[in-house]
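Undergrad: Below you'll find the structure I mean.
Numbering (full-length UniProt numbering), first residue to last: 1 to 349.
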């Protein structure tokens, strides 16, 4: 496994730079000022007639994607979600035309279920954000298809799959400590980029299954279907319907529907806790049972530096920095603090 080239493998260094209150630059193919104006016109136009898309995206026909995935065959299926299916496909690296399996560039093709209205809204949000933004820790959207009732998206393939599979699926290679901390840094950088935009984008669905890993275990955020702009001006929050995943969403958001970037900070704390413990956010039989969330089980240990090592993933067999683990646990506690607590950090690099 890679050691995340260019990043410190020691949490002592990584955690000290994960959060601070000043902004710094991140690479993007669309400047922050351009993103806000482009996204506004895109959203208005696309919602009405699907006529406007960012010029950097490839417009695929349905037949092209049908050919690229070998007619959406079952053996090309990579994943299935509530709103659609994800298939493996092959396209030419230069022309993006479909090509034979094993040649050209491998892509992931997400195919929306036609009957899913909510899925259509999330499809729009995906193009709305990923079609206008580029960052090394956001999954790359290559193109789309909006032909008749067909709605599809084409992404780069992340060859190692999701963080969820590597942490919780039986029989997979255990992710070492240094790589876990590099993944945490990657996720924080992706969120920092989103929160640093003028639109103050809130990801809103951070969880292990939405964190994808490339061949070197570099992490990228995927699935922007629930993302939305954050509060602007003097507003402290935006009011919205409550969505997200149990165990990852901040309690204040679940009780009020008030959304701020701090909701993502809370979710990051949960993901970091999963990386430390190797246990799921909900329903882990080794973390209090199916009815107790990981956060509830871990909090008594997190607040005691002498007991905190009891939460550590036993599969690591003690191969981690004890000081680094304590620093990470302290960071988890700060992230899980009340959103109204001034001690909760911001995502800033």
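Idealized CB from N, CA, C, for every residue including glycine.
Please tell me whether residue 203 and residue 227 are closer than 9 Å, where the distance is taken between their beta carbons.
TA: yes
Undergrad: Given residue 278, which residues of its chain have a CB within under 7 Å of its CB, disregarding the five upstream and five downstream residues?
TA: 167, 313, 315
Undergrad: Is residue 120 near residue 190, with beta carbons less than 9 Å apart?
TA: The answer is no: Cβ separation not under 9 Å.
Undergrad: Compare the beta carbon distance of residue 76 and residue 88 with 9 Å and say whether it is the shorter of the two.
TA: yes
Undergrad: Starting from the C-beta of residue 70, find all residues in its chain whose C-beta is less than 6 Å away, skip the five residues before and the five after it, and write them out in chain order.
TA: Cβ neighbours of residue 70 beyond the five flanking positions: 76.
Undergrad: Let me confirm a value: residue 187 is counted as buried when at least 16 other C-beta atoms fall within 10 Å, else exposed. Which label applies?
TA: With a threshold of 16 other beta carbon atoms within 10 Å, residue 187 meets it and is buried.
Undergrad: Please report the straight-line C-alpha distance between residue 151 and residue 114, rounded to a whole angstrom.
TA: 8 Å
Undergrad: Contact check, residue 156 vs residue 142 under 8 Å by CB: the rounded distance?
TA: Sure, about 7 Å apart at Cβ, within 8 Å.
Undergrad: What are the residues that DSSP puts in a beta bridge with residue 89?
TA: 107
Undergrad: Any idea what DSSP makes of residue 258, helix, strand or coil?
TA: Residue 258 falls in the strand class under three-state DSSP.
Undergrad: For residue 231 and residue 262, what's the separation of their Cα atoms in angstroms?
TA: 11 Å
Undergrad: What residues in its chain sit with their C-beta under 7 Å from that of residue 293, if we drop five residues either side in the sequence?
TA: 247, 281, 282
Undergrad: What residues in its chain sit with their C-beta under 7 Å from that of residue 251, if we drop five residues either side in the sequence?
TA: none
Undergrad: Of all the beta strand (DSSP E) runs that stay within the bounds of the stretch 144 to 220, which reach a length of 3 or more residues?
TA: 150 to 156, 211 to 213
Undergrad: How would you write the range of the beta strand (DSSP E) that residue 81 sits in, first residue to last?
TA: 77 to 81
Undergrad: With burial defined as no fewer than 16 other Cβ atoms inside 10 Å of the residue's Cβ, what is the status of residue 310: buried or exposed?
TA: exposed
Undergrad: Out of 179, 325, 238, 338, point me to the one whose CA is closest to residue 267's CA.
TA: 338
Undergrad: Using the beta-carbon count (16 or more within 10 Å), is residue 126 buried or exposed?
TA: Per the 10 Å Cβ criterion, buried.
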